[in-house]
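Presented below is the structure to which this report refers.
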Amino acid sequence: MNGPLRIAVVYPDLLGTYGDGGNGLILARRAGWRGRPTELLQASSDGALPDADVYCLGGGEDGPQVRAARALAADGTLAKRVAGGAVVLAVCAGFQIVGRTFPGADGTAHEGLGLLDVDTVKGTGPRAVGEVVADFVGLQGLPVLTGFENHGGRTTLAEGTAPLGTVSVGVGNGDGSGHEGAVCGRVVGTYLHGPVLARNPALADLLLRWALGEQQLEPLDDAGAEDLRAERLGNAKRHRRLLRRAS
Amino acid sequence: MVLVTGTNGKTTTTRLVTVALGAHHDEVVSNETGSNMPPGHVAALVGNHAPKAVLEVDESYLPRVLTATSAEAVVLLNLSRDQLDRTNEVRMVAGRWRAALAAAPRAQVIANADDPLVVWGAGAARSVHWVGAGLRWRLDAVGCPSCEGRIAFAEGTWSCQDCGFTRPEPEASLVLHGTGSALGVWSDGRTLPIRLVLPGRFNEANALMAAVAAEACGVTAADALAAMGEVDHVAGRFTVRAFGDTRARLMLAKNPAGWDELLELVSMGDAPLVVSINARTADGTDPSWLWDVPYERLDGRSVVATGDRFRDLSERLRYAGVAHRTEPDPQRAVLVAADGSEAVVDVIGNYTAFHDLLAAPS
């Protein structure tokens, strides 16, 4: 590729409520540590969305989410760049925005960007809040997915759209399918915070390989991240055992 | 009765208002332990016949407590993200404040004019004393609470670019003079120095809010500020205590806005720093918010990561480029940080991490 790898955190002023901006930082650092020239852009909603190789969208509140979807549709850059092969990691409200439809604060359906063939409605039960463990389905060869979900949406995948994973702990998409997230081409949607790439460095490196067009990346010293994963996965398993005993 | 609420500074401001009112009243009752939900209020009030009460109120409980108490003054400090797994979106909280205060015409409201969400929450009340108390953390205030347009901040003011919702003119403002002490400047021409033992710009802002609240209750701001100047710690915050031979200054920061303020404060010194993070129920069980805290500012400091979730913190510091050590046990972490030196270690913990260290036997 020509020039530095450009990673854009999309609208941190609207979609920056749940710490997901960390995903952009993590990608930039992991590329930088391997000597790849990298630019990390914080793309505020009051300007044009810059051209980038990777776009990270995060969670946000209902009102700002609607505003972000409208601004991205009007701007047009994201859809254009995705058609050109850009990588997207969209979390929670961001996941819903890159889908076809999503609910506003009052439940009214709003139009998303349609980068993933998924539809989200407001759930009727309690919010899905807690640790999630999922096995990767849509992306092969990755170790188990760990994160923290906090959402009230129920997301259904259209026929032919792959889930990112299937949950063994937690709710995930919440439509009864056991699915978590969705993936289509280089667009990945998930409900998981943590941020998800801090908890799952292998996913971070897969996105980087896509963006850099490389088959392999030099390994990094991820001992701390492995410790964190082991702690979280152990905690979730204990929690699942307790739930089973209680039911 | 005075109610004090907001995301950050409630416990300290409650204490400051209590001290300020105590200057003229024999007895003021307060929920000083920080139990800020209705059971804590009942425990503080039952069997107590003090003529005045000052209650710290959890931001989600303000409407209920206001209805139950018919308080005559309500202090609204600020609103930002905190414990997102437990609480509602901050915009929703502001909307509930607005409805509750509109239905409480007796209450005088003392509100931070620099926080758009607070201004929205106070905006339908009959009587509001606006205070220019400042707002460092603005990331939760960009979306207009009135029209969902965009709030633009300029030097000393803000307004919505779409609907004209704008900063009200305050009757008292915090004015800073370089590194010297702060001033409270009133629109009626008074200027009063704010001299506190408590450190930090945020505490000067809390004191100004408390002074305006005291005045609404019949105590002059000058008398109120004089009384507040004596307060040297509040519910353990900024207490210096010993762990073995090592002394540590204990500080509490439980969300990005609070961290932003405290990082500013500790960056003025170069003491070794311990950061302790838990994610128990009272903390919020998702520590993703660590990634909203500008820990990059700690680059070059001696830092030890500890607490139940030291591994999450350690990864955050790694990506922030902050070299650090890890020690799962918080008390041992203080000793590791001091490394045998005489230095007083700065310790910042979130809610339960702070309280564990405060309560630990020495």
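Quick mapping for you: the protein sequence lines, in order, are chains A and B.
Using numbering that gives the first Met the number 0, the letters of the first sequence correspond one by one to residues 0 to 246.
Using numbering that gives the first Met the number 0, the letters of the second sequence correspond one by one to residues 0 to 361.
C-beta: ideal position from N, C-alpha, C; glycine also.
Please read these numbers as outputs of a predicted model, since none were measured by experiment.
CA-CA distance, P327 of chain B to D113 of chain B, rounds to 39 Å. In this structure, Y190 of chain A lies away from G137 of chain A, with their beta-carbon atoms at least 9 Å apart.
Under the 9 Å criterion on CB atoms, E88 of chain B is classed as interfacial with respect to chain A. Within its own chain, the residues whose Cβ lies closer than 8 Å to the Cβ of N234 of chain A, once the five positions on either side in sequence are excluded, are E130, listed in chain order. The beta carbons of L173 of chain B and G131 of chain B sit about 6 Å from each other, so the pair counts as a contact at 8 Å. DSSP places M250 of chain B outside any alpha helix (DSSP H); the residue lies instead in the beta strand (DSSP E), whose first and last residues are T245 to L251. Looking at the DSSP output, E148 of chain A sits in a beta bridge with A:G129. For I25 of chain A, the uninterrupted alpha helix (DSSP H) run begins and ends at G21 to W32, by DSSP.
Counting only residues of its own chain and dropping the five nearest sequence neighbours on each side, N202 of chain B has a CB closer than 7 Å to the CB of T11 and L195.
Within the segment 216-236 of chain A, contact with chain B at the beta-carbon level (separation under 7 Å) is assigned to G223, A224, D226, L227 and E230. Within the segment 139-153 of chain A, F147 and N149 place their CB atoms closer than 8 Å to a CB of chain B, listed in sequence order. If you draw a 10 Å sphere on the C-beta of V27 of chain B, you find 16 or more other C-beta atoms in it, and that means buried. In the three-state scheme derived from DSSP, where H, G and I count as helix and E and B as strand, Q107 of chain B is classed as strand. Shown here, W185 of chain B sits in a strand according to DSSP, grouped into three states. Interface criterion met: the Cβ of V141 of chain B is under 9 Å from a Cβ in chain A.
Assignment of L134 of chain B by DSSP, reduced to helix, strand and coil, places it in the coil class. T154 of chain A places its beta carbon less than 9 Å from that of Q95 of chain A. Residue nearest to D204 of chain A within the set A:E230, A:A161, A:P142 and A:H178 is A:P142 (criterion: CA-CA distance). C-alpha of I276 of chain B to C-alpha of E60 of chain A: approximately 25 Å in a straight line. By the C-beta criterion, the segment 34-41 of chain A is judged not to be in contact with the segment 67-83 of chain A, since fewer than 3 inter-stretch pairs fall below 8 Å.
Within the segment 95-126 of chain B, no residue has a Cβ lying closer than 9 Å to any Cβ of chain A. Against chain B, the CB of G20 of chain A has a partner CB under 9 Å away; the residue lies at that interface.
Contact annotation for Y17 of chain A against chain B: L83 and S287 [CB-CB distance below 7 Å, chain order]. Between M0 of chain B and T66 of chain B, the CB-CB gap reaches or exceeds 9 Å. In summary, the residues of the segment 292-320 of chain B whose CB is separated from some CB of chain A by less than 7 Å are R310, D311, S313, E314, R317 and Y318, in the order they occur in the chain. Contact annotation for E60 of chain A against chain B: E88, V89, R90, M91, D139 and G142 [CB-CB distance below 9 Å, chain order]. The criterion of a C-beta distance shorter than 9 Å is satisfied by P3 of chain A and P36 of chain A. Partner residues in the beta bridge of R5 of chain A, as assigned by DSSP, are A:E38.
Pairing C146 of chain B with G57 of chain A, the inter-Cα distance amounts to about 22 Å. Apart from sequence neighbours up to five positions away, the residues of its chain that approach V9 of chain A with a beta-carbon distance below 6 Å are A42, Y54 and L56, ordered along the chain. D285 of chain B sits close to D84 of chain B, with the two beta carbons spaced by under 9 Å. Check the Cα spacing between K51 of chain B and each of B:N77, B:L75, B:D57 and B:T13: the tightest is with B:T13. In the three-state scheme derived from DSSP, where H, G and I count as helix and E and B as strand, F94 of chain A is classed as helix.
A Cβ-Cβ contact shorter than 9 Å links V302 of chain B with V321 of chain B. For R80 of chain B, the chain A residues whose C-beta falls within less than 7 Å of its own C-beta are T16, listed in chain order.
In the displayed model, H323 of chain B falls within coil according to three-state DSSP, outside both helix and strand.
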